[in-house]
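So the sequences go chain by chain: A and B.
Quick note, the first sequence lines up with residues 233 to 1377 if you use this note's numbering.
Quick note, the second sequence lines up with residues 3 to 454 if you use this note's numbering.
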Amino acid sequence: MSNGGSMADRNNERNNVSSGVASQADSDYAADPASSTFFASDLKKYGDLKNMLESSKDQLRLEAMKRIIGMVAKGKDASELFPSVVKNVVSKNIEIKKLVYAYLIRYAEEQQDLALLSISTFQRALKDPNQLIRANALRVLSSIRVPVIVPIMMLAIRDSTNDMSPYVRKSAALAIPKLYSLDDEQKDQLVEVLEKLLGDRTTLVIGSAVMAFEEVCPERIDLIHKNYRRLCQILMDLEEWGQVAVLNMLTRYARTQFADPNEKEAEEDGDEEFYEEDQSRPKKLTMDSDLRLLLRSAKPLLQSRNSAVVMAVIQLYFHVAPKAEMVSNIKPMIRLLRSHREIQSVVLSNIATLAAKPSRRFLFVPHLKTFFVRSSDPTHIKLQKLEILTSLASATTISIILREFQAYISTSDRELIACTIQAIGRCAMTIAEVTETCLNGLVALLSNRDDNVVGESVCVIRKLLQLQPTAHKDILRHLAKLIGTVTVPMAKASILWLIGEYCEQVPHIAPDVLRQVAKTFPKEENIVKLQVLTLAAKLFTVNPQQTSLLAVYVFNLAKYDINYDIRDRGRFLRALILPGGHTGEGDGGSGGEFDLFSKAAREILLATKPAPVMESRFKERTELQLGTLSHYLNTRTAGYQDLPAFPAVSLPSNVRDVELPAVDIAKKITPGKTRPSQPKAEAKFYSDGETEEDEEEEEEEEDDSSEEDSDEESDDDDEESDEEEEESVKKSAAVGNGEVKASGAVKTPKAVENGSDDTSDESESDDEDDSDEEDSSEEDVEEKGKKPAVKPQVVKPPVKAAVPVVRDIGSPKTDSAGSSPRTAAASSKTAPAPQPSKTALAKEVAPPKPDKVKGKSQNIDMLLDFDSEIASSTASIMPTTAPLFPLGSPIHSANKLPGGGGAPTAMPPVRVPNRSFPLLAGGLNGGFAIAYKFPRRPFIYSAKMVAIELTFTNSTDASLENIKIVRKKLPPRVEVQDFHEIAVLEANRTAHGTVGVDCGDTTQSIGLTVECSGKQYDVTFKPRLCEMLRPIAWNKEEFEKARKNLSGLNENYSNVELPAKLQVKSAVVDVILDAANVAPVANGDDVDDSGFVVRFIGQTVSSSSNVLISVAVRAAGKAIVTVNCEKVMVGSVVLQELREAFSKA
Amino acid sequence: MWRAEWMWRAERQVALSSLHCTNKKIQKALISRIAMLHSFFIVNASGDVFLEKHWKSVIHRNICEYFFEAQKKYRRLDEIPPIIHTPHHYLIIVHRSNLFYIGVVNKECPPLFCIEIMHRIVDIFEDYFGDSKEATIKEHFVVVYELLDEMLDNGYPLATESNILKELIKPPSFLRALQNTVTGSSNVSSILPTGQLSNVPWRRAGVKYTNNEAYFDVIEEIDAIVDKSGSIVSAEIQGYIDSVMKLSGIPDLSLTFMNARIFDDVSFHPCVRIKRWESDRMLSFIPPDGHFRLMSYHIGSSNLVPLPIYIRHNIQFKTGASGRVDITVGLKQTMGRPVEDVKVDIPMPKSCINCSLTPTQGKFSYDTVSKVGTWEVGRIDPQKLPNIRGTVQLISGSDTPESNPTLGLHFKVEQVAMSGLRVNRLDILGEKYKPFKGVKYLTKAGLFQVRT
């Protein structure tokens, strides 16, 4: 083996470092052929490789690198080549470069000085326009374990966290643990960087960031607070490995933050403060809503194909969820058992732990048969299964299990047999009903030919007999007969002990047994000898007449035994029963204080002994965290940390509330503004106990955020007002967080308005498929809504508005239109075109096709052939999939991130009116009619287009074919994306097609020529600008701010006379939302005695200009509709359209 | 004796190589919780460490000595426990196609995480090279090394999707080798794979086919234990839907079943939208390109699982030195389809010298080393049930074997999923073309054992 050699090599390497520097210098003029040959001959080995590496041909160098990497992979030492290889780091060929990188990572540590030569290349590469090259450079740079470059690495990581590319940011996150392991003094700086990365908005980065968090600063739980809810929500979208990291981290987080959802007793004997506080708010022993959020988000991951993810969810549920919820985790666990052998083994050990807990046992009983042993299982898996079966045994299952055990006893696997016998013993002990049966079965095994079986049975029988000794004289007799034949020492010892212990029940046999063993005493194993001595002593005390001579004989033998234990035991027992050192001719008749002992000897020797307890060897593992390495090995491995115990009371959840970025800005710009008294009023909300805690928590929080502030921007704000402001914001945010804090006593108007959190909850969870952006923006609105209306005016639009702001899912909406986005989203999902009719249609249309296909390949059973109607179904099913379609939107948002500072978050439509407009009348065109409507959803192919759904109706008798757009007559800047061709439209049916329209913010009419069954129809329509908008999430401050900037020409207003039925706020809101695809401004309604003002905000899809709409209604039914828009034309047209809408309403 | 020597050296080497990190990092090790793969070795059956890769500092390959020690303790290769505890490290061992993949970690980590990664690595090898045999890996040393480099960074998984990897490092092929030699282009891509940043990382962009095809293979494996008397102790179905997608662009598929309620438990490829499954019981997904496992499902023993085949047996060993074997295979519920590729494994007692069994159909062979007789029956003719009988010779004077063997059974039934699962329809959205679609059903024996 190469062992000795490599030791030597290692020493060489050390020496080489210095010579390597020299050769590097040489190689500068290696282009000179003469010097290169000289150089090559200088080295004994690898001369040819060196030559190749210095060749000018890429191909040769690549070949050389491949051979070198081959050597590295095989574990051969290739460090000598370092100087030559390192030069190739500048190669243009990407493959050579990669191989050099791989080499560098392997050997840089050994050749630190030389490795430094490559650093500048990486620094250059970090600035490369290609993101892959940047990321790779960072990866390699951080993998070079040379302490000198720590500052360079730190700088590189810092820079990369600001990179545009999420991939580079991911690499930065991965580099953090590397740097940390190289130099842990960088920790503080790294934590700072990490904090930023944890807030990253792309899922790609988060997984790695959490990984780095676990590695670098797992104790900084405070960094998680703000990201907690978002982490929960994006859990599904993370890559699988990230999911494991996040789940494990959140388990620990949950243990530090939330009260045990199970533990009633702990709460009862907890301090009284808890109860006092409990009375001040509704009695809620239920789970913290944040914990609920975590559990709910984690649950779908049970369906992951990755066993590590599934296990992570299971351990999460095991450690933090209420016991009852464990049920759903069982089936996935059972599923994992069919996976690879290694996975099976780990999962079984976890199941064994669960099953060992009596409270969880019932969970596995339905799956009992899964744990039946197969002869093909490896032994360790067999034993684990046996363990589980034993744990699952109960009065109801025992019969099945015992039958199964019988089968195992007759297999050829000895280890399995031995363990089965023990398992039977355990069952017999725990289940009184079967004790007798088991015992009989075990006795039957005593006649087995296999010594091991007999031995094991005896040992188990001994334990069982101890439980109820009186009833089993027969068994004792049977055992006594075996003494001559049993060879297993442990079994023999067990029999002897049993007979000694219960010698009074078998008074005739016992002395005889002693006689037998006394004969063979010198040949016995030590363990047997000890038991012989014990037996002798016991018999002597009970029946000295018959046994005293034998006993003395045995003690004499023991006196000269080779083993000191036996000599000791002999001496001790002899002193006990034969006081005064007699050689014993009789019944302890001598007096003295020794008498005391010998009188007590009986009590000492034959005291009743507690029966042994046989229990699962997995019982103790429950203390270790499920699914960890420590758990599997049942030792605390390096780096293992116990899960913290639950806190007695859930820590206040407002630490997890996320502040609006807008607030930060507002704060910075107008620092000194005085606050209204609102926060103080809210302070009463908490009972005293909680407020204290709160403040503690907040202090911590403030530290963080001020830290954050200072490194983000240099703000010369005065610290006090800063704090004050922040505190009040937090308080108010806490108020808004209805589910946790909403109480009957303090009724904020918002909480009252939307009391039914639960229903919205459900629809929300359905919506989780939607892209993050939508989710978060929705949350955004809520968040903004919750801020008190007393914010100072925002000076510039929110820079970080694009950062998703995560809020508790269950918290209520604020304004009257609050829950409509959800319902809208839900309805768009639940209203697909009628599917069954489609199927029927398909059957009718294309029956011959399957035959043809069958002819092609017999094994293929065709799906129903519905090719012919794909196009039509595409269109109609689109609405169902649009919200699910994960492409596009997040990518767009990712693109927005670096540059587009002020890009506000888009929202799902607030309302989708089901109104269609005729485009082509059927009567005039032979029964072919076209209508259009605005489904108000983004067009999937382009972000600048609005989807318009065309409905084709065929009221003729014949079917129409090939409906498509053949010509478009478009004004400048207007673009239209065609719908999919509709192949067939049956008589009296309708079909749908979706076109995308980018109207370029004009209202010029669009002409389309639609062809249908060869005939062409010209249609024109005018885009309605109100529909060419998309809603965005703004709050009132932003709205008013923007509106001020859009005065003068940009403002259009008009008086509208409102009929009586429209003079209520909700009616006005309805009109506007029906007419235009806009969103109500969060908190944007002013109501006073004289009337009310409602505000709406939208954005044109094509140019992203904001359209601000406000309607002020005064008492007399007079309303002023104002539209502000930077595009004057758009503003006036929108106003015009809104007026129409009002007049029609 | 020399073994002990080696162990000592191994210990020392390992200690040396990790000396500088252990000294300094002891404190750190106490707090950080997730450690990732430190190093990775591939060992063949004869105990050669033929590939090593280190993601952090180098751990000498002598660490594998601990594994060899464990290997000696167990009779069968698959009995080696998956995790071995050494003084400073933990070895995580994955055994596949006769190679051992040994991952080294040095502190607490979720073991399944490492096991999954290592299996994934082997999956990728198989995906790239067709198989993961020793010779294949040796042949593609450089690509393997590049892959390992790309798949993990610092021991933490970076890119494990086959489609992403294939964009980064092109799989080897003869044509490409030729092309590279001529044009000087390389196997390694210089641009970031599109999948990395997209929301569908499993699918590469710009897929184009002239013939668009989508195939689904519904494969069910029946795991069963049948006891002496022929009654079923347990029977379960483990099912998979494997797909081959050759679809251009970014198709959005939805697949529905006739009877989606029969599943006890399911797991999906990440592409499947789980919410959609929960609400509508349909598989809605944007598929990866090429082969992949769309879903696996489990139908537990609480359901009634029909077994297509039964065995009548009469096996007796007598105290002398011989035994008699008589086995008949018959058909039960086959849903009208032929049962093919039937094979019966008959493990003989250790004391068996030879056995001469004559089948009425098929072939019988006996491996004297592993003491397993294999009867390859082939297809079962319901009119004339296949039978095998004969005598077994045991070492004379040996004890009568305590137990009868447990027979292993293999078979397959084509065009039937025993659970009754049927695919209803497949819809394609987002693309205009009409793909060719096909579904194939197959039932085969998984762990099917008959106790005698």
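Quick reminder that beta carbons are idealized off the backbone N, C-alpha and C, glycines included.
Taking 9 Å as the CB threshold, glutamate 238/B lines the interface with chain A.
By the Cβ-count criterion, tyrosine 549/A is buried, with 16 or more other Cβ atoms from all chains shown falling within 10 Å of its own Cβ. Nearest Cα to proline 721/A within the set Lys755/A, Glu427/A, Arg1256/A and Lys705/A: Lys755/A.
Taking the C-beta atoms as reference points, isoleucine 798/A is found no nearer than 9 Å to leucine 837/A.
Residue environment analysis places alanine 1348/A among the exposed positions, since fewer than 16 neighbouring C-beta atoms fall within 10 angstroms of its C-beta. Excluding its 5 nearest sequence neighbours in each direction, arginine 275/B has C-beta neighbours in its own chain below 6 Å: Ser286, listed in chain order. Residue contact with chain A for glycine 251/B: absent (no Cβ-Cβ distance below 9 Å to any residue of chain A). In this structure valine 1345/A touches glycine 1323/A by the C-beta definition: roughly 5 Å separates them, less than 8 Å. Of the residues Lys1268/A, Phe594/A and Gln1368/A, the one whose Cα lies closest to the Cα of valine 1325/A is Lys1268/A.
Sorting Arg1262/A, Leu1151/A and Ser1279/A by C-alpha distance to the C-alpha of valine 1310/A places Arg1262/A at the top. The beta carbon of asparagine 201/B sits closer than 9 Å to some beta carbon of chain A. For the 9 Å CB-CB criterion, valine 190/B and glutamate 295/A do not form a contact.
The beta carbons of threonine 860/A and tyrosine 872/A sit closer together than 9 Å. Under the three-state reduction of DSSP output, glycine 802/A falls in the helix class. Around lysine 446/B, no beta-carbon contact reaches into chain A at under 8 Å, the shortest distance being about 14 Å. Within the region 39-60 of chain B, Phe43, Val51, Phe52, Leu53, Glu54, Lys55, His56, Trp57, Lys58, Ser59 and Val60 place their CB atoms closer than 9 Å to a CB of chain A, listed in sequence order. With respect to the 9 Å criterion, isoleucine 649/A and glycine 673/A are not classified as neighbours on the basis of their beta carbons. Contact check between the region 142-156 of chain B and the region 569-576 of chain A: fewer than three CB pairs, one atom from each, fall below 8 Å, which does not count as touching. Linking arginine 98/B to phenylalanine 52/B through their CA atoms gives a straight-line distance of about 15 Å.
At least one beta carbon of chain A lies nearer than 9 Å to the beta carbon of arginine 63/B.
For threonine 719/A, no chain B residue has a Cβ inside 8 Å of its Cβ, as the nearest lies near 15 Å away. Contact residues of the region 597-624 of chain A toward chain B are Pro598, His599, Lys601, Thr602, Phe604, Arg606, Ser607, Ser608, Pro610, Thr611 and His612 (C-beta to C-beta distance below 7 Å). With its beta carbon less than 9 Å from one in chain A, arginine 78/B belongs to the interface. For threonine 652/A, no CB of chain B lies under 9 Å from its own CB, so it is not counted at the interface with that chain.
Contact between valine 666/A and leucine 708/A is ruled out by a C-beta separation of about 21 Å, above the 8 Å threshold.
Closest in alpha carbon position to tyrosine 792/A, among Arg803/A, Ala783/A and Leu782/A, is Arg803/A. In this structure, glutamine 1209/A lies near serine 1174/A, with their beta-carbon atoms less than 9 Å apart. Around the C-beta of glutamate 222/B, 16 or more other C-beta atoms lie within 10 Å, and the residue is accordingly described as buried. Nearest CB-CB separation between glutamate 757/A and chain B: not below the 9 Å threshold. Judged by DSSP secondary structure, lysine 319/A falls within the alpha helix (DSSP H) whose first and last residues are 314-319.
Counting only residues of its own chain and dropping the five nearest sequence neighbours on each side, serine 250/B has a CB closer than 8 Å to the CB of Val209, Lys210, Tyr211, Asn214, Glu433 and Tyr435. Using a Cβ distance threshold of 9 Å, valine 738/A and alanine 750/A do not count as a contacting pair. From the beta-carbon of serine 375/A, the residues of chain B found nearer than 9 Å are Trp57, Lys58, Asp155 and Asn156. For the region 450-473 of chain A, the beta-carbon criterion of a distance under 9 Å to any beta-carbon of chain B is satisfied by Pro450, Glu451, Met468, Asp469, Glu471, Glu472 and Trp473. Around the beta carbon of isoleucine 397/B, a 10 Å sphere encloses fewer than 16 other beta carbons of the protein chains shown; the residue is thus reported as exposed.
With respect to chain A, the C-beta atom of tyrosine 92/B has a partner C-beta closer than 9 Å.
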